[in-house]
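Chemist:
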Amino acid sequence: MKTDWRISTFNGALLAAYFIPTWVIVAVKIIISPFHGLYDRPNIAVALFISDYLHLSAAGTIRMAWLLALGKLTVAAFFAVFVVLTTRASIRKTGGCDEALAFALTIGSVISFASMLMASQVGELAAVRLHAAELMLLLGTAILLLVEPPFHSESAGEPQAAATWPAEPPATQSADYPSARHSS
Numbered sequence: 001m002k003t004d005w006r007i008s009t010f011n012g013a014l015l016a017a018y019f020i021p022t023w024v025i026v027a028v029k030i031i032i033s034p035f036h037g038l039y040d041r042p043n044i045a046v047a048l049f050i051s052d053y054l055h056l057s058a059a060g061t062i063r064m065a066w067l068l069a070l071g072k073l074t075v076a077a078f079f080a081v082f083v084v085l086t087t088r089a090s091i092r093k094t095g096g097c098d099e100a101l102a103f104a105l106t107i108g109s110v111i112s113f114a115s116m117l118m119a120s121q122v123g124e125l126a127a128v129r130l131h132a133a134e135l136m137l138l139l140g141t142a143i144l145l146l147v148e149p150p151f152h153s154e155s156a157g158e159p160q161a162a163a164t165w166p167a168e169p170p171a172t173q174s175a176d177y178p179s180a181r182h183s184s
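full-length UniProt numbering applies: residue 1 is where the sequence shown begins, and numbers increase by one.
Listed below in structure tokens is the structure:
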């Protein structure tokens, strides 16, 4: 069975299937009602950290909630662009979709890592587990993306050592060259 999917591309598509609906729903809840959305289960650690350690006003808390929603929507948008780019085989084979995946993984890892640190600071064990699991998913795909070699196919037009060179160049005879006769 011949396939042109790299394992990192397939893994990125699976991550997109998880992160796009999950983080878009969370972000939309924050956009609709910033306080209720921020104090929802996936964001409770961030909300407690903002209220307990940063001591922000109501307007500042709303701004932080919107910033979190914007970050999560950005990650979901990069995952969506990645999924759209993987539908074309020519883009997928050349690795043109890897940039969108790399941006989604980078921004998502930063958000998950920061959320995990905030959850550990406020003592929310369930939130630590959630954000650590998300972080491990993102970092695992990032490692696959970095370690996996680029996709090469023989039908791409690049011959794989088609011409072989002789072991040693042909011997030249001094009689054929006039300059060789005069120098001796």
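The beta carbon of each residue, even a glycine, is placed where N, CA and C say it ideally should be.
Under 8 Å between the Cβ atoms of A104 and M116?
Modeler: In terms of Cβ geometry, A104 and M116 do not form a close pair [threshold 8 Å].
Chemist: Could you tell me the alpha carbon to alpha carbon distance between R41 and F19, rounded to whole angstroms?
Modeler: 16 Å
Chemist: With a floor of 4 residues, list each alpha helix (DSSP H) that falls wholly inside the region 81-144, ordered by position along the chain.
Modeler: 89-94 and 98-122
Chemist: Compute the distance between the beta-carbons of L54 and V24, then report whether it is under 8 Å.
Modeler: Not closer than 8 Å, so no.
Chemist: State buried or exposed for T94, treating a residue as buried only when at least 16 other CB atoms are found within 10 Å of its CB.
Modeler: exposed
Chemist: Using CA atoms only, rank isn't needed, just tell me which of S33, Q121, V83 and A65 is closest to A17.
Modeler: V83
Chemist: So is Q160 buried or exposed if we call it buried at 16+ other beta carbons inside 10 Å?
Modeler: Confidence at Q160 is low in this model, with a pLDDT of 48, below 50, so its placement is unreliable and no value can be given for it.
Chemist: For I34, count neighbouring C-beta atoms within 10 Å of its own C-beta (all shown protein chains included) and say buried if the count is 16 or more, exposed if not.
Modeler: According to the sequence as given, residue 34 is Pro; it is not Ile. Its Cβ being crowded by 16 or more others within 10 Å, P34 is buried.
Chemist: Any idea what DSSP makes of I32, helix, strand or coil?
Modeler: helix
Chemist: Determine the burial state of G37: buried for a count of at least 16 other Cβ atoms within 10 Å of its Cβ, exposed for fewer.
Modeler: buried
Chemist: F49: beta carbon under 7 Å from a heavy atom of the ligand SAH?
Modeler: Of the ligands one can find in the structure shown there are none, so the ligand SAH has no counterpart to examine.
Chemist: Would you check if the distance between the CB atom of L124 and the CB atom of A59 is smaller than 8 Å?
Modeler: Note that residue 124 corresponds to Glu in the displayed sequence, not to Leu. Contact flag unset, no.
Chemist: At a Cβ threshold of 8 Å, is V28 touching chain E?
Modeler: Of the chains in the structure shown, none is chain E; there is only one protein chain.
Chemist: Under the three-state reduction of DSSP, which class applies to W5: helix, strand or coil?
Modeler: coil
Chemist: Residues in the same chain with beta-carbon distance under 7 Å from L101, minus the five sequence neighbours each way, listed in chain order, please.
Modeler: G12, F82 and L145
Chemist: Considering only the beta carbon of each residue, do N43 and V26 sit closer than 8 Å?
Modeler: yes
Chemist: Locate the alpha helix (DSSP H) running through L54, then write down its first and last residues.
Modeler: From DSSP, L54 is part of no alpha helix (DSSP H); its letter is neither H nor E.
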